[in-house]
Amino acid sequence: MTETPPASTQPLLAVIDSNAVHGAISFEGKIWERIAEHQKAGRVELYFPEVVLKELTRQKTSDIQDQTKQKIDRFKKALKDLERSKANLDPIDFPKLEGLVEIHMGAEYVRKSLEEAVARVGGQILPAPSVDADHLAAAATGRKKPFKPNGEGAGDYLIWRTIVVLSHSRPDAEIWFVSANYKDFSAGEKDKGAPHADLAESLPDGSQFKILQTLGTLSDSLNSRSDSNTPRPGDLMTTHDSAAEDEAEPAQTHHIESRNSGLDDLVAKACVDYLDSDVMYQEVADHNYDNSAGLELIGNAYPREIQNATVSYIEGDPGTVMWQLDENYNGTTVVGTATIEGEIELEGYMFKSELALADASSEIHVSNSNHNHHMAEVTFSSDFIAQLGIRIEGSGVPEITELVSIKLGIGS
1 MTETPPASTQ
11 PLLAVIDSNA
21 VHGAISFEGK
31 IWERIAEHQK
41 AGRVELYFPE
51 VVLKELTRQK
61 TSDIQDQTKQ
71 KIDRFKKALK
81 DLERSKANLD
91 PIDFPKLEGL
101 VEIHMGAEYV
111 RKSLEEAVAR
121 VGGQILPAPS
131 VDADHLAAAA
141 TGRKKPFKPN
151 GEGAGDYLIW
161 RTIVVLSHSR
171 PDAEIWFVSA
181 NYKDFSAGEK
191 DKGAPHADLA
201 ESLPDGSQFK
211 ILQTLGTLSD
221 SLNSRSDSNT
231 PRPGDLMTTH
241 DSAAEDEAEP
251 AQTHHIESRN
261 SGLDDLVAKA
271 CVDYLDSDVM
281 YQEVADHNYD
291 NSAGLELIGN
301 AYPREIQNAT
311 VSYIEGDPGT
321 VMWQLDENYN
331 GTTVVGTATI
341 EGEIELEGYM
351 FKSELALADA
361 SSEIHVSNSN
371 HNHHMAEVTF
381 SSDFIAQLGI
391 RIEGSGVPEI
401 TELVSIKLGI
411 GS
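Just so it is clear: in the sequence shown, position 408 is 408 by the UniProt record's numbering, and no numbers are missing.
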């Protein structure tokens, strides 16, 4: 009889939620590269539930349609301006143009792109589970997790049942669920990594299960396990509470006078974690248009030719963090600012007619030159310096309150 190897020598199973990739369908960038390396080394198996792919397909198709409508509306406005200036223009069949977008960038295209991305990172698609109607009804009406008080949560229910099926097929495996939606799955704010009791009862006895909120945390945890080769569940804690326990005593009201290396480390960790959880996957504001929403980038390093960009990778260097406290906010609470330097990578699109810029730049890389008839997928890399707002309460645990600014191209 063959014995089952201990869990520490088996690959862990990572199940990816749609909100962990924030609508991306390419799964590219440095974080994905690192995770894929761990997959090739046999340290992790990547799983994408069918319901997640369907949700990503719906989201991305809707995004493309919205973006197309906005661009066509802008084009129509520009044409009207030209017509008022008595310009002679051939008529444009806009319904046909919209139809071509649907054909070449519709749901079928998005789904195929997702399947290719899953294969590229060595992942597997988990089929939708069979659902017991009585169990579903009982969970929904009883408002059991992952259902919300208003009854919403059918999609999350299907994701969880997919995880349950996987866990029973691999009862000795360690399973990590990567989802920013920890509130509907976890035991609560004080134990974000553990499943809620409503959900834990469906897992096999003795199962090892943990919730991670970002792909960056997954990548860092895999790096840690690889370096130490002694994986321990306690090593994966990412909250400030665990770091705060290392402090000999809480910081006092006069934080500047009592400042020490331990508090410096806490501020640095808070800055790095904030970039990973709150800036990662943000859409970048398009400066070619007025009132464009999204992440504002300062400096001339970012090429305006890149459109519809999102942050695909960001890593702050804790050794570069500098911070100061500005004022007492309320008794034992003080506020201030911190700066951190690091590396950032953006994914976006460029017109093929402008790819000469990419050829001339070492920061722009063409990842897919045939995204469609007119556009190519590109990535842009740069260093950055970010300014963050911080708040420290009487407990001495720092909290990042906002991203004040982020400038690309340090020294430019």
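The beta carbon of each residue, even a glycine, is placed where N, CA and C say it ideally should be.
- Under a 10 Å Cβ-count criterion, A270 is classified as buried, with 16 or more other Cβ atoms of the shown protein chains found around its own Cβ.
- Using a 10 angstroms sphere on the CB of H196, the tally of other CB atoms reaches 16 or more, which defines it as buried.
- Between the beta-carbon of E174 and that of Q208 there is about 4 Å, and that keeps the pair under the 8 Å contact cut.
- Within 10 angstroms of the beta-carbon of T141 lie fewer than 16 other beta-carbons, which makes it exposed.
- Secondary structure of S202 (DSSP, three-state): coil.
- For the pair P398 and Q387, the Cα-to-Cα distance works out to about 15 Å.
- Note on Q213: 16 or more other CB atoms within 10 angstroms of its CB, so buried under the neighbour-count rule.
- P398 has I392 as its beta-bridge partners, per DSSP.
- For I16, there is no enclosing alpha helix (DSSP H); the residue is found in the beta strand (DSSP E) stretching over 12 to 16.
- Note on G188: under 16 other CB atoms within 10 angstroms of its CB, so exposed under the neighbour-count rule.
- Under the Cβ criterion (8 Å, minimum of three pairs), the segment 28 to 44 does not count as touching the segment 59 to 76.
- Straight through space, the alpha carbons of K210 and S221 are spaced by roughly 12 Å.
- In this model, E116 and Y349 are separated by some 18 Å (Cα to Cα).
- Here A139 is buried: its Cβ has 16 or more other Cβ atoms, across all protein chains shown, within 10 Å.
- Looking only at Y313, T217, W160, the smallest Cα-Cα distance to V52 is reached by W160.
- G316 and E201 have their C-alpha atoms spaced approximately 39 Å apart.
- H168 sits close to P204, with the two beta carbons spaced by under 7 Å.
- For the 7 Å CB-CB criterion, G29 and E363 do not form a contact.
- Unbroken beta strand (DSSP E) stretches of 3 residues or longer found wholly inside the segment 133 to 197: 174 to 178, given in chain order.
- For V335, no alpha helix (DSSP H) segment is defined; the enclosing uninterrupted segment is the beta strand (DSSP E) at 333 to 351.
- Residue nearest to I340 within the set V404, A356, G294, V378 is V404 (criterion: CA-CA distance).
- For the pair Y302 and L408, the Cα-to-Cα distance works out to about 7 Å.
- If you draw a straight line from the Cα of L158 to the Cα of L166, it comes to about 12 Å.
- Classified as buried, S26 has 16 or more neighbouring CB atoms from the shown chains inside 10 Å of its CB.
- Residues of the same chain with a CB within less than 7 Å of the CB of G106, apart from the 5 flanking positions on each side, are T61 in chain order.
- Non-local beta-carbon contacts of P11 in its own chain, meaning distances under 7 Å to residues more than five positions away in sequence, involve G42, R43, V44, E45 in chain order.
- Residue pairing for L295: DSSP places it in a beta bridge opposite V284.
- In the three-state reduction of the DSSP assignment, A386 falls in the strand class, which pools E and B.
- Shown here for L218: same chain residues with a beta carbon closer than 7 Å to its own, the five before and five after excluded, namely A14, I35, W176, V178, L212 in chain order.
- With a cutoff of 7 Å on beta-carbon distance, I400 and Y313 are scored as not near each other.
- Around the beta carbon of M375, 16 or more other beta carbons sit within 10 angstroms, so the residue counts as buried.
- Per DSSP, V366 is one residue of the beta strand (DSSP E) stretching across 364 to 368.
- K40 and V311 have their C-alpha atoms roughly 25 Å apart.
- Under the 10 Å beta carbon count, A137 is surrounded by fewer than 16 other beta carbons and is classified as exposed.
- Rounded to whole angstroms, the separation of the alpha carbons of P127 and E50 is 5 Å.
- Boundaries cannot be given for Q213, as no beta strand (DSSP E) includes it and DSSP labels it neither H nor E.
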